[in-house]
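Asks: For reference, each letter of the sequence shown is one residue, going 0 to 368 in numbering that gives the first Met the number 0. Please see the structure below; I have some questions.
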Amino acid sequence: MLQKVRYNFFSLLSALPSLNTFKQEAIRLHLGHNKIIGWDGRYPVRSLMIPGESSPVFIKAAARLYNSNRFGIRYPCVATLSLTCNCDADCAHCTAYGLSENEMTTEQWKKAIADSIELGVFTFIFSGGEPLLRKDICEIISAVDPQRSIALLYTNGSQLEKWLPELKKAGLKRIAVSIDFAEEARHDEQRRIPGLWRTAVSGLRAAKKMGFLVGVSTFASIDRLQSGDLENVLRFAAREKINEITIYDALPSGRLKDRTDLKKSNKVYEAELRALIQKWWIDASVPGVWWYGNLRSINNSGCSGGQTMFNISPGGNLRPCDFCRETVGSLLEEDLSSLWFKLHELSLLHRKQSMDCWLYQEGGMDDSR
Numbered sequence: 000m001l002q003k004v005r006y007n008f009f010s011l012l013s014a015l016p017s018l019n020t021f022k023q024e025a026i027r028l029h030l031g032h033n034k035i036i037g038w039d040g041r042y043p044v045r046s047l048m049i050p051g052e053s054s055p056v057f058i059k060a061a062a063r064l065y066n067s068n069r070f071g072i073r074y075p076c077v078a079t080l081s082l083t084c085n086c087d088a089d090c091a092h093c094t095a096y097g098l099s100e101n102e103m104t105t106e107q108w109k110k111a112i113a114d115s116i117e118l119g120v121f122t123f124i125f126s127g128g129e130p131l132l133r134k135d136i137c138e139i140i141s142a143v144d145p146q147r148s149i150a151l152l153y154t155n156g157s158q159l160e161k162w163l164p165e166l167k168k169a170g171l172k173r174i175a176v177s178i179d180f181a182e183e184a185r186h187d188e189q190r191r192i193p194g195l196w197r198t199a200v201s202g203l204r205a206a207k208k209m210g211f212l213v214g215v216s217t218f219a220s221i222d223r224l225q226s227g228d229l230e231n232v233l234r235f236a237a238r239e240k241i242n243e244i245t246i247y248d249a250l251p252s253g254r255l256k257d258r259t260d261l262k263k264s265n266k267v268y269e270a271e272l273r274a275l276i277q278k279w280w281i282d283a284s285v286p287g288v289w290w291y292g293n294l295r296s297i298n299n300s301g302c303s304g305g306q307t308m309f310n311i312s313p314g315g316n317l318r319p320c321d322f323c324r325e326t327v328g329s330l331l332e333e334d335l336s337s338l339w340f341k342l343h344e345l346s347l348l349h350r351k352q353s354m355d356c357w358l359y360q361e362g363g364m365d366d367s368r
């Protein structure tokens, strides 16, 4: 008996360094880096998208992913909830442009969150439109069980500062503010709201002061890379000492749906963009950078839509992501579990063509669906 106890004890000790190395490499492959960008209480955070390491949510998520792979059943990890079509901005690159639906009620959204958690979701991303235009935003966010999931709010920042006390009471800990340009006038011109940059930055600073984990969300394109506008936003975020910079690719959706140059992958541009971002990944003195182009690359997991992620539109339609209008049905007519497995089967068909974004395939999806 004593020999068995000693064997188990020393086996565990010898395994710990290997397990830690494995964990670090898995994080690096997923994010491009393994920097600690902040803290959720006593738990280190490596991305606003990921639960604090070794937290109850992290452990439950790891167990769910293990069982998912063990039994060959694909469950979702991330749900993006587009709460509203309404927005007080009129962005030149808006991907939600033209979307008009009767929005789900508070109770319908709360049920969608509860059903998502049961299905395995451990990260909820609240977006719009502008989600802070919904008066019930805090009640909806408070439906996220903090022992089982985390919540992240994306906002243009126009309403942020006045909402911060209530958002904190609702249990929100993570906020990302959209910043398109480091220059005030150009940002306001892009979003067509005079004074928005100043209001958004003020809200970002106030959130940071109140203890929120804060991020800057921006977008990449060939012209923004070549002009230096993208790197200027990165530098702005570093000066502000925010926790993470989120970079999405400009995609053929909404106002940009007819941009044929965005409907296929550009390998030269992506290599140049990766080279820029890698400089930030390896620099421990600057914020973390979460780049969706890295996540959906063939060296990582490929496009997440229907694989580990889904989107619920303002009216309750289940879609691969915020950018793709293709839907497999409505939560008002079918249960979430059935819709998820329909979406997953559809994603498998898409993967036979490409691991890349749904909008890149066959010249992009039909945006009118």
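The beta-carbon is built from N, C-alpha and C at its ideal position, and this holds for glycine as well.
1. By alpha-carbon positions, which one of 291, 316, 207 and 73 ends up nearest to residue 38?
2. Starting from the C-beta of residue 373, find all residues in its chain whose C-beta is less than 8 Å away, skip the five residues before and the five after it, and write them out in chain order.
3. So, under 8 Å CB-CB, residue 215 and residue 244 are touching, yes? Tell me the CB distance rounded to an integer number of Å.
4. At which residues does the beta strand (DSSP E) containing residue 175 begin and terminate?
5. How about residue 211 and residue 272: do their beta carbons lie closer than 9 Å?
6. To the nearest whole angstrom, what separates the beta carbons of residue 203 and residue 176, a pair I think is in contact under 8 Å?
7. Can you pull the DSSP bridge partners for residue 273?
8. If contacts are defined as beta-carbon pairs under 8 Å, then residue 88 and residue 138 qualify, I think. What distance do you get, rounded to the angstrom?
9. Whole angstroms is fine: what's the gap from residue 209's alpha carbon to residue 153's?
10. Should residue 98 go down as buried or exposed, given a rule of 16 or more other Cβ atoms within 10 Å for buried?
11. Quick check on the burial criterion: 16 or more other C-beta atoms within 10 angstroms. Buried or exposed for residue 146?
12. Hey, could you find the ends of the alpha helix (DSSP H) residue 310 is sitting in?
13. Determine the direct distance from the alpha carbon of residue 82 to that of residue 126, and round the result to whole angstroms.
14. Enumerate in chain order the residues of its own chain whose CB-to-CB distance from residue 285 is below 6 Å, with the five nearest sequence positions on each side excluded.
15. Between the stretch 185-205 and the stretch 37-51, can you find at least three pairs of beta-carbon atoms closer than 8 Å?
16. Tell me which residue opens and which closes the beta strand (DSSP E) that residue 281 is part of.
17. Distance check for residue 354 and residue 319, CA to CA, integer angstroms please.
18. Do you know whose CA, among 296, 76, 257 and 235, lies nearest residue 270's CA?
19. Determine the contact status of residue 122 and residue 78, defining contact as a CB-CB distance below 9 Å.
20. Is residue 96 helix, strand or coil by DSSP?
21. Applying the criterion that 16 or more other CB atoms from any shown protein chain within 10 Å of the CB defines a buried residue, is residue 242 buried or exposed?
22. Touching or not, the stretch 314-330 and the stretch 44-57, by the rule of three or more beta carbon pairs under 8 Å?
23. Could you spell out the range, first to last residue, of the beta strand (DSSP E) harbouring residue 43?
24. With 16 as the cutoff for other CB atoms within 10 Å, does residue 179 come out buried or exposed?
25. Using the rule of at least 16 other Cβ atoms within 10 Å of the residue's Cβ for burial, across every protein chain shown, is residue 194 buried or exposed?
26. Classify residue 156: buried if its beta carbon has 16 or more other beta carbons within 10 angstroms, exposed otherwise.
27. Excluding five sequence neighbours on each side, which residues of the same chain lie with their C-beta closer than 8 Å to the C-beta of residue 277?
28. Under the DSSP definition of a beta bridge, which residues are partnered with residue 219?
29. Does the distance from the CB of residue 304 to the CB of residue 93 come in under 9 Å?
Replies: A quick look at the data gives this:
1. Counting from 1 along the sequence shown, the entry for residue 38 is found at position 39. Nearest of 291, 316, 207 and 73 to residue 38, Cα basis: 207.
2. Nothing in the structure corresponds to residue 373, since the chain is present only between 0 and 368.
3. Taking the sequence shown and counting its residues from 1, the one referred to as residue 215 is at position 216. Taking the sequence shown and counting its residues from 1, the one referred to as residue 244 is at position 245. Yes, residue 215 and residue 244 are in contact; Cβ-Cβ is about 5 Å, under 8 Å.
4. Counting from one through the sequence shown, the residue named residue 175 turns up at place 176. Taken as a continuous stretch (DSSP letters only), the beta strand (DSSP E) holding residue 175 covers 173-177.
5. Mapped onto the sequence shown, residue 211 falls at position 212. Mapped onto the sequence shown, residue 272 falls at position 273. No, the Cβ-Cβ distance between residue 211 and residue 272 is not below 9 Å.
6. Locating residue 203 in the sequence shown gives position 204, where the first residue counts as 1. Locating residue 176 in the sequence shown gives position 177, where the first residue counts as 1. Yes, they are in contact, since the Cβ atoms of residue 203 and residue 176 sit about 5 Å apart, within 8 Å.
7. Locating residue 273 in the sequence shown gives position 274, counting from the first residue. DSSP, once it has assigned bridges, lists no residue as partnering residue 273.
8. Reading the sequence shown from its first residue, position 89 is the one you call residue 88. Reading the sequence shown from its first residue, position 139 is the one you call residue 138. About 24 Å; that fails the 8 Å criterion.
9. Walking along the sequence shown from the start, residue 209 turns up at place 210. Walking along the sequence shown from the start, residue 153 turns up at place 154. Using only the alpha carbons, I get a separation of about 17 Å.
10. Residue 98 sits at position 99 when you count from the first residue of the sequence shown. Buried, because 16 or more other Cβ atoms sit within 10 Å of the Cβ of residue 98.
11. Your numbering for residue 146 matches position 147 in the sequence shown. The residue in question, residue 146, is exposed, as its Cβ has fewer than 16 Cβ neighbours within 10 Å.
12. One-based indexing of the sequence shown puts residue 310 at position 311. Here residue 310 belongs to no alpha helix (DSSP H); instead the beta strand (DSSP E) covers 308-311.
13. Locating residue 126 in the sequence shown gives position 127, counting from the first residue. Locating residue 82 in the sequence shown gives position 83, counting from the first residue. Using only the alpha carbons, I get a separation of about 6 Å.
14. As a first step, residue 285 is located in the sequence shown; it is residue number 286 there, counting from the start. Hits under 6 Å: 237 and 279.
15. no
16. Looking up residue 281 in the sequence shown gives position 282. No beta strand (DSSP E) contains residue 281, which DSSP labels as neither H nor E.
17. To locate residue 319, count along the sequence shown from 1; it is residue 320. To locate residue 354, count along the sequence shown from 1; it is residue 355. Cα to Cα, residue 319 sits roughly 14 Å from residue 354.
18. Position 271 of the sequence shown, counted from the start, is the residue given in the question as residue 270. Nearest of 296, 76, 257 and 235 to residue 270, Cα basis: 296.
19. Residue 122 sits at position 123 when you count from the first residue of the sequence shown. Residue 78 sits at position 79 when you count from the first residue of the sequence shown. Yes, they are a contact pair.
20. Residue 96 sits at position 97 when you count from the first residue of the sequence shown. Correct three-state label for residue 96: coil.
21. Here residue 242 is taken as the residue at index 243 of the sequence shown, counted from 1. Answer is buried; the Cβ neighbour count reaches 16.
22. no
23. Translated into positions along the sequence shown, residue 43 becomes position 44. Unbroken beta strand (DSSP E) run through residue 43: 42-44.
24. One-based indexing of the sequence shown puts residue 179 at position 180. Its Cβ being crowded by 16 or more others within 10 Å, residue 179 is buried.
25. Start at 1 with the first residue of the sequence shown, and residue 194 comes out as number 195. Residue 194 is exposed by the Cβ-count criterion.
26. Position 157 of the sequence shown holds residue 156. Looking at its Cβ environment, which holds 16 or more other Cβ atoms inside 10 Å, residue 156 is buried.
27. The count along the sequence shown starts at 1 and reaches residue 277 at position 278. Taken in chain order, the residues that qualify are 31.
28. Start at 1 with the first residue of the sequence shown, and residue 219 comes out as number 220. In the DSSP output, where bridge partners are listed per residue, residue 219 has 248.
29. Your numbering for residue 304 matches position 305 in the sequence shown. Your numbering for residue 93 matches position 94 in the sequence shown. No, the Cβ-Cβ distance between residue 304 and residue 93 is not below 9 Å.
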